[in-house]
Every structure is written in C-alpha cells, then in structure tokens.
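Just so it is clear: in the sequence shown, position 66 is 66 by the UniProt record's numbering, and no numbers are missing. Have a look at the structure below, then the notes.
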Amino acid sequence: MPKSAKTRAPASVDPAPDHLTAQAHVPIDQRIGTAIRRKRLALKLTLADVAAGAEMSAAMLSRIENGQASASLDALERICGALGQSIAMLFAEVENKKGAAQLIRAADQLEVVRSGTRHGHTYRLLSYNRGPQKSFEPFLIEMDKDSESYPRFAHPGTEFIYMLEGEMDYQFGTQRFTLTAGDALTFSGEVEHGPAELRCDRVKFISMIVYGD
Numbered sequence: 001m002p003k004s005a006k007t008r009a010p011a012s013v014d015p016a017p018d019h020l021t022a023q024a025h026v027p028i029d030q031r032i033g034t035a036i037r038r039k040r041l042a043l044k045l046t047l048a049d050v051a052a053g054a055e056m057s058a059a060m061l062s063r064i065e066n067g068q069a070s071a072s073l074d075a076l077e078r079i080c081g082a083l084g085q086s087i088a089m090l091f092a093e094v095e096n097k098k099g100a101a102q103l104i105r106a107a108d109q110l111e112v113v114r115s116g117t118r119h120g121h122t123y124r125l126l127s128y129n130r131g132p133q134k135s136f137e138p139f140l141i142e143m144d145k146d147s148e149s150y151p152r153f154a155h156p157g158t159e160f161i162y163m164l165e166g167e168m169d170y171q172f173g174t175q176r177f178t179l180t181a182g183d184a185l186t187f188s189g190e191v192e193h194g195p196a197e198l199r200c201d202r203v204k205f206i207s208m209i210v211y212g213d
C-alpha cells in the first residue's frame, strides 16, 4: 500500500473527531517548554549551555521551559539550533503529544481512498497522526468476491497483517501465503505485495504500516 493517501470522510462524520487525550487541555506554551526541556535533558545540557547557544539568558530559557513565557519563532529557532534540531522537529514532538491517548469510536473511523479502493477494497483508518510525518498507519480492510482485480503495492517501512475473517492468498514477491482468521504476516513494504485471491466471499483484516525514521 502506498504511503500517501487522500482522505475521504463520510458526509455525516466530522473529519476531525474528538480525541480523548491526556494533554488536550495543556496550553501550547507549556507543551513547547516541556518538549524543549525533554530534549535538553536528553542531551545532558544545562540551562546555561543552551541559553548561551540561543543567545538569551538562562532565566528566560527557564521561564520558557516552564511555560511561564511565550517564545517568538526567532527565539524558538535559536533554541532549536542550540539543541541541534530543526523547529519543525520541535513542533512535530509537540503535535505528537507523547504520553497521550487517542480514542476513535467506530462511527468516527474515516474511510480513506487508497490504490485498491477502485478495485472494491474498503479502507478504514484506525488512528490519525496530525504531525508532519507519519510513524505508522493502521487500517481495517475489507474485500469481497466483487474485487476481481488485485493491485500490487510497494512502500517504505514494514507492514503487518492480521486476518480477522475469511481466507485469502497473499502475494509477497515470488512467495504466496494462504491466510485464514487468526493468522499474522509481517514483511518488508518495499517488496511488491498484495492480495492474490479470495478463497471465500468476503475477507476482513487489519494492516499496519510502520515507517522508519
């Protein structure tokens, strides 16, 4: 399955459903400060070290880390430079909300358009990553006998498939695997792959693509 996908939300579903997240109420300044402090401590740098590289006082940096002061984009760029990362990386960490939880109700799961959609495959996205770079994509996929054509896919990362219902043959390079309910298959996404034949009227399986750095 290709990495890029165009999202198509059902007409009756909000394309951005509410999430249960432990940090939803935390102000942006505090989240930015926490991300900066986490990175500084991981690098074993002192406030004075980073403040000197960012051309600001250690007291001001401490206020930013504690969410007590807002930093301009220019100040954030200088802080990120002192930490050896880009401002985009900082915002990605803030957006990813490490330690948060995301709940997507069955009624809120988006149906998305993928390369196999026009062949009768239905994809439902089970998790939303709002950051600039996806780390993984989990899908619930359904196919039936009307899917007369089975496209092949190739993409970066590793893919994991878990069969929920039905039976099908799955092609991976020159190998073919027969998968039934409860079977799990893991493989490199860079090798051409995809369903080869349905051995029943309908199949349902979970596909998770985990992308590298």
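Backbone N, C-alpha and C fix where the C-beta goes; we use that ideal spot for every residue, glycine too.
Opposing strand residues paired with residue i [DSSP bridges]
i	result
Phe160	Thr186, Met208
Thr180	Glu167
Glu137	Ile209
Asp144	Arg202
Tyr128	Tyr128 pairs with nothing; no bridge assigned.
Pro195	Tyr170
Gln85	According to DSSP, Gln85 bridges with nothing at all.
Sub-8 Å separation of residue i and residue j beta-carbons
i	j	result
Met168	Pro195	yes
Arg78	Ala52	no
Ser147	Leu179	no
Phe153	His193	yes
Ile141	Phe91	no
Leu61	Leu73	no
Thr158	Val210	yes
For residue j and residue i, the rounded distance between their alpha carbons
i	j	result
Gly173	Ala35	42 Å
Asn66	Arg40	13 Å
Thr186	Gly166	18 Å
Ala59	Asp29	16 Å
Gln23	Tyr128	With a pLDDT of 46 at Gln23, under the threshold of 50, the predicted position of this residue should be treated as unreliable, and no value is reported.
Ile32	Glu137	25 Å
Gln102	Cys200	34 Å
Asp144	Glu111	17 Å
Arg105	Leu45	42 Å
Close beta carbons around residue i, own chain, < 8 Å, minus the five adjacent residues each side
i	result
Leu43	Leu83, Gly84
Ala184	Phe160, Ile161, Tyr162, Met163
Val191	Ala154, Phe172, Gly173
Arg176	Asp169, Tyr170, Ala196
Beta-carbon proximity list for residue i, same chain, < 7 Å, skipping 5 on both sides
i	result
Pro27	Gly67
Pro156	Lys3, Gly189, Glu190, Tyr211, Gly212
Ser57	Ala51
Buried or exposed by the 16-neighbour rule on C-beta atoms within 10 Å, applied to residue i
i	result
Ala71	buried
Ser86	exposed
Ser207	buried
Residue-chain proximity (residue i, chain D), Cβ-Cβ < 8 Å
i	result
Ile28	This model lacks chain D altogether; it includes just one protein chain.
Close beta carbons around residue i, own chain, < 6 Å, minus the five adjacent residues each side
i	result
Ala69	Arg63
Cβ-heavy atom distance, residue i to the ligand GDP, below 7 Å
i	result
Ala35	Ligands in the displayed structure: none, and consequently the ligand GDP is not present.
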